[in-house]
Amino acid sequence: MHSLKIGLFIPCYIDQFYPGVGIATLELLQKLKLNVSYPLKQTCCGQPLANTGAEKEAIPVYRNFIRNFSRFDYVVSPSGSCVYHVREHYDILEQTDEVKKVRKNTFELCEFITDILKIDDLKIHYPHKVGVHQSCHGLRGLKLGKSSEIIAERYSKVHKLLEKAGGIELIKLHREDECCGFGGTFSVFEPDVSVRMGLARVEDHQLNGAEIITATDMSCLMHMEGIIRRQKKNIKVVHIAEILNSNSL
Amino acid sequence: MNAHAQMAANFLANRERSDWHDQTLWMVRQKRDRVALSVPEWEQLREQASKIKDNVLSNLENYLLQFEQHALANGVKVHWAVDADELNRIVLKIINDSKAVRVVKSKSMLTEECGLNPFLEKLGIEVVDTDLGERIIQFRNEPPSHIVLPAIHLKKEEIGELFHEKLNTEKGASDPHYLTAAARAHLREKFLSADLAITGVNFAVAETGAVVVCTNEGNADMGVHAAPVQVHCMGIEKIIPSTADLGVFTRLLARNATGQHITTYTSHYLKPKEGGEMHVVITDNGRSERLGNVKYRDSLKCIRCGACMNTCPVYRRSGGYSYRYVIPGPIGSILAPYADIKKYKDLPFASSLCGSCTDVCPVKIDIHQQIYYLRQEITGRSKFPGFKKISLKLAAKIFAAGRWYDLSGKTARWAMKHLSRKIIYHPLNAWGRGRELPEVPERSFKEWYKKNIKS
Numbered sequence: 000m001h002s003l004k005i006g007l008f009i010p011c012y013i014d015q016f017y018p019g020v021g022i023a024t025l026e027l028l029q030k031l032k033l034n035v036s037y038p039l040k041q042t043c044c045g046q047p048l049a050n051t052g053a054e055k056e057a058i059p060v061y062r063n064f065i066r067n068f069s070r071f072d073y074v075v076s077p078s079g080s081c082v083y084h085v086r087e088h089y090d091i092l093e094q095t096d097e098v099k100k101v102r103k104n105t106f107e108l109c110e111f112i113t114d115i116l117k118i119d120d121l122k123i124h125y126p127h128k129v130g131v132h133q134s135c136h137g138l139r140g141l142k143l144g145k146s147s148e149i150i151a152e153r154y155s156k157v158h159k160l161l162e163k164a165g166g167i168e169l170i171k172l173h174r175e176d177e178c179c180g181f182g183g184t185f186s187v188f189e190p191d192v193s194v195r196m197g198l199a200r201v202e203d204h205q206l207n208g209a210e211i212i213t214a215t216d217m218s219c220l221m222h223m224e225g226i227i228r229r230q231k232k233n234i235k236v237v238h239i240a241e242i243l244n245s246n247s248l
Numbered sequence: 000m001n002a003h004a005q006m007a008a009n010f011l012a013n014r015e016r017s018d019w020h021d022q023t024l025w026m027v028r029q030k031r032d033r034v035a036l037s038v039p040e041w042e043q044l045r046e047q048a049s050k051i052k053d054n055v056l057s058n059l060e061n062y063l064l065q066f067e068q069h070a071l072a073n074g075v076k077v078h079w080a081v082d083a084d085e086l087n088r089i090v091l092k093i094i095n096d097s098k099a100v101r102v103v104k105s106k107s108m109l110t111e112e113c114g115l116n117p118f119l120e121k122l123g124i125e126v127v128d129t130d131l132g133e134r135i136i137q138f139r140n141e142p143p144s145h146i147v148l149p150a151i152h153l154k155k156e157e158i159g160e161l162f163h164e165k166l167n168t169e170k171g172a173s174d175p176h177y178l179t180a181a182a183r184a185h186l187r188e189k190f191l192s193a194d195l196a197i198t199g200v201n202f203a204v205a206e207t208g209a210v211v212v213c214t215n216e217g218n219a220d221m222g223v224h225a226a227p228v229q230v231h232c233m234g235i236e237k238i239i240p241s242t243a244d245l246g247v248f249t250r251l252l253a254r255n256a257t258g259q260h261i262t263t264y265t266s267h268y269l270k271p272k273e274g275g276e277m278h279v280v281i282t283d284n285g286r287s288e289r290l291g292n293v294k295y296r297d298s299l300k301c302i303r304c305g306a307c308m309n310t311c312p313v314y315r316r317s318g319g320y321s322y323r324y325v326i327p328g329p330i331g332s333i334l335a336p337y338a339d340i341k342k343y344k345d346l347p348f349a350s351s352l353c354g355s356c357t358d359v360c361p362v363k364i365d366i367h368q369q370i371y372y373l374r375q376e377i378t379g380r381s382k383f384p385g386f387k388k389i390s391l392k393l394a395a396k397i398f399a400a401g402r403w404y405d406l407s408g409k410t411a412r413w414a415m416k417h418l419s420r421k422i423i424y425h426p427l428n429a430w431g432r433g434r435e436l437p438e439v440p441e442r443s444f445k446e447w448y449k450k451n452i453k454s
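Protein sequences appear in the order of chains L and W.
Here numbering that gives the first Met the number 0 is used: the first residue of the first sequence is 0, the next is one more, and so on.
Here numbering that gives the first Met the number 0 is used: the first residue of the second sequence is 0, the next is one more, and so on.
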């Protein structure tokens, strides 16, 4: 594993507003003795444009992503949504070997740890009551877990990593995987529905005793944090990378 | 704000009612989960249903002709309608030819889509909707707000008031049993005096020529059995090859729709009763055009269970009317643009793309992907307001090059830190309507990386 070259992709909004999440991801991958580097010319996966219906305009952004990351064995990112976008929607690019390689080898942090590194115990100590918000693109897009609509055996890669944490109490929600209503530009095109959806999620976590809401996507957490701070609610959001990095590896 | 967003905002303004709407539909979703869990082969059934529909859509012409041949042999009169107007005129002709005066109709989304009721009413023909929910909204002169639960936007107290006015029930009475009994007595009279009964069609079986109608109230049967003339209106996509295939769909439909194992009545109509007439009107109304479009043709697999509405966190919090189309919710958002892409251009954006609709769909329509594709078409073709176009172009430029991105990020963070709250939380900032912006960090990750790792 040490010889694998890992490219770290930090989504634009994490880069600008939540550098701590990027740092935690980098530190965790380094603790796992991986050869990680962060290409400096990276920007964004292009999803904000494409989800607004401008995927053609996003093509130069996609190309920039491929240029930055095609030299790595794996691309790892603390965002299920951006990873899903690269895998699913870079299909409009010409499928060169480089494009195919990047799409195939881009992973969300948790699935990279459980599926590629095959680790499920990160020796974490995290004595808190934690509610897991299952971000939709990770859950239903990348299949990081089984969505509640699907009638099959339950699994969740995120829970698998968190359950091993010392002192942690994972709380149960009334609605285990309802969308928080961020939805990219949906959050500003449909602000009222978006905020009401986010509020419902925050209240579900609070009602069930969570001190902390975590998720694989900081975008969901940014949205819920915005509501929490506006309404002065007593609950915090912490990205999954920061929890997974609170270990003694 | 666009039309959906504005209507959703109005819907949400009544907190108590919108919470109730959300919770009621979520309860239906939970009921669906419980009964679906009792079928271990649920996911295989979905797969099978989807494949049967694939076969149907690929051989639609053959199955339709097969159906017609068998129906004709059974003594059924088969009519073909290319569009809504033709469907309406065919039904009118059947009514006139049989000298029918009183018409009853059980639930049919197709006739809603084609505007059959208003068409007939304009000509002085009274059509009584006999499904309880449909009758309620007909009394109120409203369209359905959900395809399975047409009056889900109303509370029992409002129905009590309505029935007091229309059916002379006691003032202030809102007991559902009492109100249902009143509706039952009222509808019984309509059934017994009807000259002609119209129904929708859930499935049409090609190998037998039978049409199958699923109801919980038995109102389709009451109408069809009592009236001498029966008319079944179906879209071309309702066809299934065989009675064996029917089992796959009846196992999925009610479970997914309302959390029942099966609808109370699954009625098979094969031939006219003695001395009576049976008509089937097979309608296209834009479906074959959709069939020709590879990206969107799967939307024709829909069996109208309504589960995508129940599961949709946006639908539950914006109400059916915010979609302004006969079929609301996620499936409506991909069907409506086919009817009128300009009028409904906002609907594919009324979604957080969470994908719950796709996972709950009994015939595995990739609803959220179709919503995504429609966004590309709508943004691509529309001459949207300059501001949005310019900002998209600008965003594309910024994200395509590292240095522009770095500079813009830095500028935005500086502005967020130094501008006054009044400017940042200007009413035009839709994010700020109910949320704080993130706190601005000292430096971006990239700046931190350059400082601490690179050097």
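Cβ coordinates follow ideal geometry from the N, Cα and C atoms, glycine included.
None of these values were measured; they are calculated from a predicted model.
Does the beta-carbon distance from residue i to residue j come in below 8 Å?
| i | j | result |
| --- | --- | --- |
| L/His84 | L/Cys135 | no |
| W/Val127 | W/Lys104 | yes |
| W/Ala458 | W/Ile89 | Because chain W is modelled from 0 through 454, residue 458 of chain W falls outside the range shown and cannot be assessed. |
| L/His222 | L/Gly197 | yes |
| L/Gly180 | W/Pro312 | yes |
| W/Ala173 | W/Arg101 | The question names Ala, but residue 173 of chain W is Ser in the sequence shown. Not in contact: W/Ser173 and W/Arg101 (Cβ atoms no closer than 8 Å). |
| W/Ser298 | W/Ile333 | yes |
| W/Ala182 | W/Thr198 | no |
| W/Gly324 | W/Ala338 | In the sequence under discussion, the amino acid at residue 324 of chain W is Tyr, which differs from the Gly named in the question. Going by C-beta atoms, W/Tyr324 is nearer than 8 Å to W/Ala338. |
| L/His158 | L/Leu169 | yes |
| W/Ile330 | W/Cys301 | yes |
| W/Gly123 | W/Ala150 | no |
Mind checking residue i: buried by the 16 CB within 10 Å criterion, or exposed?
| i | result |
| --- | --- |
| L/Glu224 | buried |
| W/Ile389 | exposed |
| W/Leu391 | buried |
| W/Pro175 | exposed |
| L/His124 | exposed |
| W/Pro426 | exposed |
| W/Met26 | exposed |
| W/His417 | exposed |
| W/His462 | This structure does not reach residue 462 of chain W, given that chain W is present from 0 up to 454, and the question cannot be answered. |
| W/Glu441 | exposed |
| W/Arg31 | buried |
| W/Ser241 | exposed |
| L/Ile91 | exposed |
| W/Thr282 | buried |
| W/Asn87 | buried |
| L/Ile239 | buried |
| W/Pro457 | Residue 457 of chain W lies beyond the stretch modelled for chain W, which goes from 0 to 454, so this question has no answer here. |
Under 7 Å Cβ to Cβ from residue i, same chain only, skipping five residues before and after it: list those, please.
| i | result |
| --- | --- |
| L/Lys117 | none |
| W/Lys396 | Trp403 |
| L/Phe71 | Lys4, Ile5, Gly6 |
| L/Arg102 | Val85, Arg86, Tyr89 |
| L/Thr95 | none |
| L/Leu138 | Gly144, Ser146, Asp176 |
| L/Phe185 | Ser193 |
Starting from the C-beta of residue i, find all residues in its chain whose C-beta is less than 6 Å away, skip the five residues before and the five after it, and write them out in chain order.
| i | result |
| --- | --- |
| L/Ser76 | Phe8, Val82 |
| W/Arg28 | Asn309, Thr310 |
| L/His127 | Glu210, Ile211 |
| W/Tyr320 | Ser144 |
Ignore the nearest five residues each way along the sequence and tell me which others in residue i's own chain have a CB closer than 8 Å to its CB.
| i | result |
| --- | --- |
| L/Leu25 | Leu7, Val35, Tyr37 |
| task | Kindly confirm or deny that the segment 137 to 149 of chain W and the segment 0 to 17 of chain W touch, where touching means at least three C-beta pairs closer than 8 Å. | result | No, the segment 137 to 149 of chain W is not in contact with the segment 0 to 17 of chain W.
| field | Cβ contact check for the segment 347 to 364 of chain W and the segment 143 to 151 of chain L: 3 or more pairs under 8 Å | value | With a cut-off of 8 Å on Cβ pairs, the segment 347 to 364 of chain W is in contact with the segment 143 to 151 of chain L, counting three or more such pairs.
| said: For the pair the segment 203 to 219 of chain W and the segment 59 to 79 of chain W, tell me if three or more CB-CB distances fall below 8 Å. | reply: With a cut-off of 8 Å, the segment 59 to 79 of chain W and the segment 203 to 219 of chain W count as touching, because enough Cβ pairs lie within range.
| task | Within the segment 289 to 343 of chain W, note down every full alpha helix (DSSP H) run reaching 4 residues or more, in order along the chain. | result | 306 to 310, 312 to 315, 328 to 338, all fully within the segment 289 to 343 of chain W.
| query | Just checking, does the segment 52 to 61 of chain W make contact with the segment 262 to 280 of chain W on the three C-beta pairs under 8 Å criterion? | reply | Contact fails: fewer than three Cβ-Cβ distances are below 8 Å.
| query | With a cut-off of 8 Å, do at least 3 Cβ pairs link the segment 153 to 161 of chain W to the segment 248 to 265 of chain W? | reply | Contact between the segment 153 to 161 of chain W and the segment 248 to 265 of chain W is absent: fewer than 3 CB-CB pairs across the two stretches fall below 8 Å.
| request: Check whether the segment 428 to 438 of chain W touches the segment 190 to 200 of chain L, taking contact to mean three or more Cβ pairs, one atom from each stretch, closer than 8 Å. | output: Verdict: yes, contact present.
| query | What residue ranges within the segment 104 to 175 of chain L form continuous beta strand (DSSP E) runs of no fewer than 3 residues, ordered along the chain? | reply | Runs found: 105 to 107, 128 to 132.
| Between the segment 365 to 375 of chain W and the segment 28 to 36 of chain L, are three or more C-beta pairs nearer than 8 Å? | Contact fails: fewer than three Cβ-Cβ distances are below 8 Å.
| field | Within the segment 20 to 63 of chain L, ranges of the beta strand (DSSP E) (whole runs, at least 3 residues) | value | List check, beta strand (DSSP E) in window: 34 to 36.
| query | Hey, which unbroken runs of the beta strand (DSSP E) at 3 residues or more fall wholly within the segment 31 to 104 of chain W? | reply | The DSSP assignment places complete beta strand (DSSP E) segments of no fewer than 3 residues inside the segment 31 to 104 of chain W at 76 to 80, 101 to 104, in order along the chain.
| said: At 3 residues or longer, what runs of the beta strand (DSSP E) sit wholly inside the segment 184 to 226 of chain W? | reply: Segments of the beta strand (DSSP E) lying fully in the segment 184 to 226 of chain W: 195 to 198, 202 to 204, 209 to 214.
| query | Which parts of the segment 104 to 145 of chain W are runs of the beta strand (DSSP E), unbroken and 3 residues or longer, counting only runs that do not cross its ends? | reply | Listed in chain order, the complete beta strand (DSSP E) runs (minimum 3 residues) inside the segment 104 to 145 of chain W are 125 to 128.
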